[in-house]
Amino acid sequence: MVDNLQDTNGKGDLELLHSDSAPMTADGLLSDITHYFYRTLGRRTVRTRQPFLYQALALAVRDRLLERRNQTRTAVQSGRHRRTCYLSLEFLMGRLLRNSLQSLALEDEAAEALNALGLALEEVSEQEHDAGLGNGGLGRLAACFLDSCATLRLPVLGYGIRYQYGMFRQELENGAQREAPDAWLREGYPWEVQRIELSQRIRFGGRTVVHTRSDGTLSYEWVDTAEVLAVPYDIPVPGFENNIVNTLRLWSAVAPDELDLDDFNAGGYAGAVAAKNAAERITMVLYPNATTENGQELRLQQQYFLASASLQDTLRRWREEAAADMTQFADRHCFQLNDTHPAVAVAELMRLLVDDVELSWDQAWDITTRTMAYTNHTLLPEALEQWPVAMFGRLLPRLLDIIYEINRRLLEEIEQRWPGDEARKQRMSLISSDYSPMLRMAHLAIVGSYSVNGVAALHSELLKKGLFKDFAALWPEKFTNKTNGVTQRRWLGACNPALAELLNSVIGRGWMTDLPQLAGLKAKAGNPAFQHQWMEVKQANKRRLAAEILRRTGEEIDPQALFDVQVKRIHEYKRQLLNLLHVLHLYDRLCRGDGEGLVKRVVIIGGKAAPGYVMAKHIIEAIVQVGSVINSDPAIDERLKLVFFPDYNVSAMEVICPAADLSAQISTAGKEASGTGNMKLMMNGALTIGTLDGANVEILEAVGKDNFFLFGLTVEEVMQQRGQYNPKAIIEQDSDLKRVLAMLADESIRGDKADAFNSVIHAITTPGDPWMTAADFRSFVDAQQAVEAAYLDPQGWAEKSILNCASAGQFSADRTIAEYNRDIWRLEPVTLAGEGS
Ligand code: 26V
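Residue numbering for the sequence shown follows the numbering used here, starting at 2 and increasing by one per position.
As structure tokens, this is what we get:
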């Protein structure tokens with residue numbers, strides 16, 4: 002089996018060469034599954050509700066991935082490829098088994114192998130826990146990007162954190178959210194490989210000492226620090242049917258052993274354990290994005306831990322590959338910062354280059370500003386990261402020195418360009434001039450990067466006109482747009498196999514790697530026979546979702562009803578409340594006998610509230626409560642239901658998006674940076690009811706206004722209303738809305754949830770309501786009325802549904818990544834040995 006040992010680097014490191022590759026057949030898989038089940042896992046009896054057979058299969062699949070990952074690495078190294086490191090505090094990967102099998106074209110073989118054991122692949126796949134290492138859109142985007150990078154053969158390495166606990170599980174207790182820990186690693190995680198030999202030391206605290214070198218220059222030493230070890234775990238990231246396998250490297254914090262030993266010798270057992278705990282706390286849990294979690298010291302530790310470990314890892318590899326020749330480093334690397342979360346990397350790279358590599362400030366700054374690139378994901382000012390300078394200085398004193406120096410030079414540049422403009426300097430400074438000064442991470446990211454992008458056309462424009470106006474005036478060439486996308490391999494191919502099959506029969510399977518080919522469906526959109534097949538698939542997917550809802554909630558829903566879906570994090574700006582007002586309005590009509598011609602409808606709302614976000618939790622309580630009233634009211638004869646889908650996550654979306662008829666994307670204009678759920682739902686044939694916000698603007702443009710239900714204030718109108726917005730007057734003039742508000746106050750509806758309903762009423766009626774829910778009520782109701790009319794024409798609806806899917810071509814993450822690569826990364830696709838170029 003072992004062919005030979007080959008000298009790799011003249012240092013005595015020998016590479017173990019392997020000639021046989023793992024067989025890509027059902028028999029080959031079966032024999033490996035059996036091996037892992039009996040030998041590695043030490044199990045004998047196959048029990049369906051246990052994870053061991055899934056684990057055995059995953060290990061067998063992993064073998065085939067690792068083989069290809071080694072070949073990919075060899076090709077990247079020998080091709081001297083420029084690489085991108087995608088730095089993100091979140092990677093919301095979901096399940097990996099189906100995705101890996103799909104990429105390796107092993108789905109049929111795996112199904113056959115399991116059949117031989119009397120098991121179904123669907124059943125076995127269910128044993129996998131989601132890797133929920135993200136909050137929502139931003140984290141899932143990172144996961145979709147990795148899929149597209151590997152599929153486009155680009156050498157991109159994901160760097161993130163291996164949280165012991167990912168996104169909490171959401172349970173409902175008496176109609177309210179309760180958080181349960183997500184112990185996703187409890188049964189072991191078969192996809193990862195620990196790389197202990199690549200561990201890095203991360204330092205915190207201490208102080209800076211300045212020395213004078215013999216030539217008179219200054220050098221800086223960071224002393225008296227506490228240390229934590231960063232241990233990497235690699236997860237393979239396969240491209241679609243191309244044998245490329247990239248890596249997601251996740252860092253885990255552990256206490257360095259020798260610290261423990263010292264303390265043990267001194268008899269300080271408790272102290273040693275405490276130090277170990279403090280170190281390991283760093284990667285214990287994913288932070289949910291909520292205002293209350295802002296400014297937490299542990300979160301800053303996570304950010305620096307990721308940035309430092311990833312940069313040190315990159316420099317280590319560069320030393321090995323390029324023997325420390327720093328002149329080529331910037332040509333060969335790019336660091337893409339996923340929001341400001343890893344933006345401390347700007348200062349950390351400067352530290353490593355100046356203090357450790359001993360480059361001059363100018364050389365180091367040249368490298369930094371030729372490698373860093375920053376993506377912004379939010380326009381909400383309260384979501385922009387700032388750290389108290391005092392805390393930052395305590396935790397990372399040497400980095401604060403560096404940030405002050407970056408700021409000094411920035412302010413100098415502003416003075417050159419706009420002499421005497423002190424107000425502008427204050428606005429642009431990295432440090433706010435508050436009573437207790439704050440470090441503005443977005444400013445650090447912009448100054449340190451050669452590229453700054455937003456995530457949808459509207460969002461990128463608003464960044465330049467608003468939040469980052471001053472920086473856009475100074476460096477207009479830095480700013481670009483990269484509209485988000487999603488991977489069609491997971492969000493259509495894998496989650497909607499029946500539709501994929503139908504697409505293949507009509508337009509072939511090229512859309513799997515070239516989504517614009519979906520446009521080939523347009524010719525068929527008006528064809529009644531095809532419409533019939535299309536709606537049959539939708540119907541089957543709706544039955545599957547109905548079964549899942551029954552399982553999760555006990556609620557029976559009619560698959561014939563219109564499925565009106567809003568799934569996303571619960572946040573005021575996303576306006577689940579507007580949805581709730583509409584549901585109450587429909588209920589009101591049914592109760593008043595004004596339901597003539599109303600379409601039977603199931604409104605499905607899912608999403609998690611940040612644990613400290615009281616209003617978001619009240620919104621969930623109100624939804625669940627209204628649902629329980631409506632769903633149990635015999636008087637309306639099940640013509641309307643409201644379901645709260647508990648514990649919404651990646652795997653849930655895989656069941657939900659194929660089954661949706663209507664996709665609610667109803668944020669206040671100017672607040673949703675992009676949205677990506679909107680794309681997944683569109684791709685699966687849902688029609689959108691939406692505001693002119695985020696990527697909705699581009700969805701509308703792509704599908705045309707006849708196939709999209711547009712409503713609501715525009716960004717300009719929202720801005721005009723600022724300061725004079727008066728919801729009470731709107732409510733007074735709209736009898737429907739007035740009745741709905743009365744319902745919210747009515748005991749027969751609010752039950753024992755007075756607190757939640759009072760907050761809801763307050764939010765909608767408060768004069769300063771930044772989300773302007775009441776303002777958009779009437780136009781939302783009208784647009785929903787248009788939905789009803791359209792749904793009553795089944796053929797017309799089918800045509801619109803087909804056209805939505807057919808117009809989704811541009812919302813592939815493949816297109817997004819191709820743009821990142823063309824404009825920012827400039828990487829060459831990898832060619833594997835023996836493939837020829
Ligand atoms: C962060 C926070 C933190 C504290 C206050 C409340 C709050 C609210 C929102 C956020 C969002 C953080 C960034 C984020 O997740 N952005 C999402 O990124 C997606 C991918 O680009 C995009 O589709 C979503 O529109 C955007 O909200």
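Glycine included, C-beta positions come from ideal geometry on N, C-alpha and C.
- Per DSSP, the unbroken alpha helix (DSSP H) holding Glu68 starts and ends at Phe53 to Ser79.
- Cβ-Cβ distances below 6 Å link Met25 to nothing in the same chain once the five nearest sequence neighbours on each side are left out.
- Contact fails between the region 607-627 and the region 805-815, because fewer than three Cβ pairs, one in each stretch, are under 8 Å apart.
- Note that the C-beta distance between Val286 and Ala151 is not below 8 Å.
- Between Gln56 and Pro191 the beta-carbon gap is near 5 Å, inside 8 Å, which marks them as a contact.
- In this structure, DSSP gives Thr767 a state outside helix and strand, which the three-state scheme calls coil.
- Burial of Lys754 is indicated by the presence of at least 16 other C-beta atoms within 10 angstroms of its C-beta.
- Here His444 is buried, its C-beta having at least 16 other C-beta atoms within 10 Å.
- Rounded to the nearest whole angstrom, the CA to CA distance from Ala787 to Ala799 is 15 Å.
- Assigned with DSSP and collapsed to three states, Leu493 falls in helix.
- Ranked by Cα distance from Thr73, the options Leu93, Phe38, Arg154 and Leu90 are led by Arg154.
- Within the region 213-286, the complete alpha helix (DSSP H) segments at least 4 residues long are 258-266 and 270-282, listed from N- to C-terminus.
- No residue range can be given for Gly207, since it is assigned to no alpha helix (DSSP H) and is classified by DSSP as neither H nor E.
- Excluding sequence positions up to five before and after Arg214, its CB lies within less than 7 Å of the CB of Ser220, all in the same chain and listed in chain order.
- By the beta-carbon neighbour count (other beta carbons within 10 angstroms, threshold 16), Asn542 is buried.
- If you draw a straight line from the Cα of Ala495 to the Cα of Thr488, it comes to about 10 Å.
- Relative to the Cα of Arg593, the nearest Cα in the group Val741, Ser629 and Leu701 belongs to Val741.
- Rounded to the nearest whole angstrom, the C-alpha separation of Glu414 and Pro420 is 9 Å.
- The shortest C-alpha to C-alpha distance from Ala143 to any of Glu193, Phe531, Tyr87 and Leu307 is the one to Tyr87.
- Taking the Cβ of Asn482 as the reference point, every heavy atom of the ligand 26V lies at 7 Å or farther away.
- Set against 7 Å, the gap from the CB of Ser675 to the closest heavy atom of the ligand 26V is smaller.
- The Cβ atoms of Asn290 and Ala611 sit closer than 8 Å to each other.
- If you draw a 10 Å sphere on the C-beta of Gly628, you find 16 or more other C-beta atoms in it, and that means buried.
- Beta-bridge pairing by DSSP links Phe778 to no other residue.
- DSSP, read as helix, strand or coil, puts Met439 in strand.
- Relative to the ligand 26V, the beta carbon of Ala384 is positioned inside 7 Å of a heavy atom.
- CA-to-CA, the gap between Gly161 and Met94 works out to about 12 Å.
- Thr692 is a Cβ neighbour of Phe712, given a cutoff of 8 Å.
- Annotated three-state conformation of Pro477 is helix, per DSSP.
- A residue is called buried when at least 16 other Cβ atoms come within 10 angstroms of its Cβ; Ile197 does not meet this threshold and is exposed.
- If you draw a 10 Å sphere on the C-beta of Asp794, you find fewer than 16 other C-beta atoms in it, and that means exposed.
- Take the alpha-carbon of Tyr39 and the one of Tyr649: they are about 35 Å apart.
- Assignment of Asp8 by DSSP, reduced to helix, strand and coil, places it in the strand class.
- Between the beta-carbon of Asp357 and that of Gln201 there is about 12 Å, and that puts the pair past the 8 Å contact cut.
- Rounded to the nearest whole angstrom, the CA to CA distance from Arg827 to Tyr375 is 15 Å.
- Distance between Ile803 and Gly486, taken at the CA atoms: about 19 Å.
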